[in-house]
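Peer 1:
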């Protein structure tokens, strides 16, 4: 069988949602692929790692812990942002330095709020065509791709570092990153260039100056002009074309622009395969909010909760079994 490598990174706050994510991965991928799941971290308790390892084995997934011992060096990547998100959001920037050199590509997904609904072969194995990553169609003010020179145009720059790409789901070209010796110093140089340019993306409520939207803004600035957008040749930068980063928040945000039937359904020119619970996290969504969602959105929330229920059931039995042996 073909091999698929999936990686994520998180602190100890999102660990419980990784079980749901693993359940979803197993339901959709393990029958066809040998799946490796790589968890980058530095502060997840050993007991949680042991449970994730055991659950992955139960599901038929090969779980790999990647302890990032130089985690303090990632603090500098927040120089142009703030500390709203933990430094773990940047760990995948150097995934090629932690993973075995035999691994040429890997799918990065956000921890916890991504689930799967079907095969991802056409996305995962898509040719890189000389690019450092493959992303889904993004939000952009224009329909042409940006390049490095656009970083020096204020309007283009703000577009690039906002959500030119959404980092919830990316296929990383690990081989190319190794060839170019991409390291933390490279990203720091990009940040220095951004700060020297002096164009502020946005000013925060307390007067903070933001130069990029955390990992996705910095990543877009670092590799602008060398990012492949999936299906760009057919759909250009159509923001609702997102089969492999189906952002439910965006669907809900644009529902007044979408022509759907009386029952709330509408045809899509693609089948969503990687689902991203951006902003409205399932574990924070109230029943009243859920009721306002379109049927397609509710479908995926139901799918998430089903996977979570199955994961929790296994975890209760596993812990009960462990306590009986003590």
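In the numbering used here, the protein residues as written are 1279 to 1604.
Just so you know, even glycine gets a beta-carbon here, dropped at the ideal spot from N, CA and C.
Predicted, not measured: the structure shown is a model, and the values here were computed from it.
Counting only the same chain and skipping the five closest in sequence on each side, list residues whose C-beta sits under 7 Å from that of residue 1499.
Peer 2: For residue 1499, where only same-chain residues beyond five positions count, the Cβ hits under 7 Å are 1429, 1438, 1439, 1468, 1472 and 1490.
Peer 1: So for residue 1383, helix, strand or coil by DSSP?
Peer 2: strand
Peer 1: Measure the Cβ-Cβ separation of residue 1522 and residue 1414 and say whether it is below 8 Å.
Peer 2: Contact flag set, yes.
Peer 1: With a 10 Å radius around its C-beta and 16 neighbouring C-beta atoms as the bar for buried, classify residue 1545 as buried or exposed.
Peer 2: exposed
Peer 1: In the DSSP output, what is residue 1451 paired with across the bridge?
Peer 2: 1383
Peer 1: From the DSSP output, which residues share a beta bridge with residue 1311?
Peer 2: Under the DSSP definition of a beta bridge, residue 1311 partners with 1280.
Peer 1: State the beta-bridge partners of residue 1524 as determined by DSSP.
Peer 2: 1553
Peer 1: Let me check one thing: in DSSP terms, what residues is residue 1487 bridge-paired to?
Peer 2: The bridge partners DSSP lists for residue 1487 are 1481.
Peer 1: Tell me the start and end of each unbroken beta strand (DSSP E) in the stretch 1311 to 1395 that is at least 3 residues and wholly inside, in chain order.
Peer 2: 1311 to 1319, 1340 to 1345, 1383 to 1387 and 1392 to 1394
Peer 1: Sorted by chain position, which residues of the same chain lie with C-beta nearer than 8 Å to residue 1593's C-beta, five sequence neighbours on each side aside?
Peer 2: 1297, 1329 and 1333
Peer 1: What is the C-beta distance between residue 1564 and residue 1529, in whole angstroms, given that I count them as a contact (C-beta under 8 Å)?
Peer 2: The pair is not a contact, with the Cβ atoms about 19 Å apart (cut-off 8 Å).
Peer 1: Flag this pair as yes or no: are the beta carbons of residue 1525 and residue 1450 separated by less than 8 Å?
Peer 2: no
Peer 1: Anyone know if the C-beta pair for residue 1283 and residue 1385 falls short of 8 Å?
Peer 2: yes
Peer 1: With respect to the alpha helix (DSSP H) encompassing residue 1513, which residues constitute its N-terminal and C-terminal limits?
Peer 2: In the DSSP annotation of this structure, the continuous segment of the alpha helix (DSSP H) that includes residue 1513 starts and ends at 1510 to 1513.
Peer 1: Hey, out of 1513, 1550, 1555 and 1551, whose CA is closest to residue 1531's CA?
Peer 2: 1555
Peer 1: Closer than 7 Å by C-beta to residue 1336: which residues in its own chain qualify, once you throw out the five before and the five after it? Chain order, please.
Peer 2: By the criterion of a C-beta distance shorter than 7 Å, residue 1336 is surrounded in its chain by 1592, once the five residues flanking it on both sides are discounted.
Peer 1: Do the CB positions of residue 1301 and residue 1589 come within less than 8 Å of each other?
Peer 2: yes
Peer 1: Between residue 1316 and residue 1342, is the Cβ-Cβ spacing less than 8 Å?
Peer 2: yes
Peer 1: Would you mind working out which of 1377, 1398 and 1357 sits nearest residue 1478, comparing C-alpha positions?
Peer 2: 1357
Peer 1: Is it true that the CB of residue 1494 sits closer than 8 Å to the CB of residue 1445?
Peer 2: yes
Peer 1: By DSSP, does residue 1562 sit in helix, in strand, or in coil?
Peer 2: helix
Peer 1: With DSSP run on the structure shown, which of helix, strand or coil describes residue 1287?
Peer 2: strand
Peer 1: Measure from the alpha carbon of residue 1401 to the alpha carbon of each residue in 1538, 1506 and 1585, then state which is nearest.
Peer 2: Closest in C-alpha terms to residue 1401, from the list 1538, 1506 and 1585, comes 1506.
Peer 1: DSSP state of residue 1416, grouped into three classes?
Peer 2: Residue 1416: coil per DSSP, three-state reduction.
Peer 1: Here's the rule: buried if 16 or more other CB atoms are within 10 angstroms of the residue's CB, otherwise exposed. What is residue 1286?
Peer 2: buried
Peer 1: Could you give the residue range of the beta strand (DSSP E) that holds residue 1469?
Peer 2: Unbroken run through residue 1469 is the alpha helix (DSSP H), 1462 to 1475; no beta strand (DSSP E).
Peer 1: For a quick check, are the C-beta atoms of residue 1412 and residue 1501 less than 8 Å apart?
Peer 2: no
Peer 1: Can you tell me whether residue 1390 is buried or exposed, with buried defined as 16 or more other CB within 10 angstroms of its CB?
Peer 2: buried
Peer 1: For residue 1557, which residues of its own chain have a beta-carbon under 8 Å away from its beta-carbon, when the five flanking residues on both sides are left out?
Peer 2: For residue 1557, where only same-chain residues beyond five positions count, the Cβ hits under 8 Å are 1527.
Peer 1: If you follow the alpha helix (DSSP H) that residue 1501 is in, where does it begin and where does it stop?
Peer 2: Where residue 1501 is concerned, the enclosing alpha helix (DSSP H) stretches over 1492 to 1501.
Peer 1: Check whether the Cβ atoms of residue 1352 and residue 1369 lie closer than 8 Å to each other.
Peer 2: yes
Peer 1: What does a CB cutoff of less than 6 Å around residue 1288 pick up in its chain, not counting 5 residues either side in sequence?
Peer 2: 1366 and 1389
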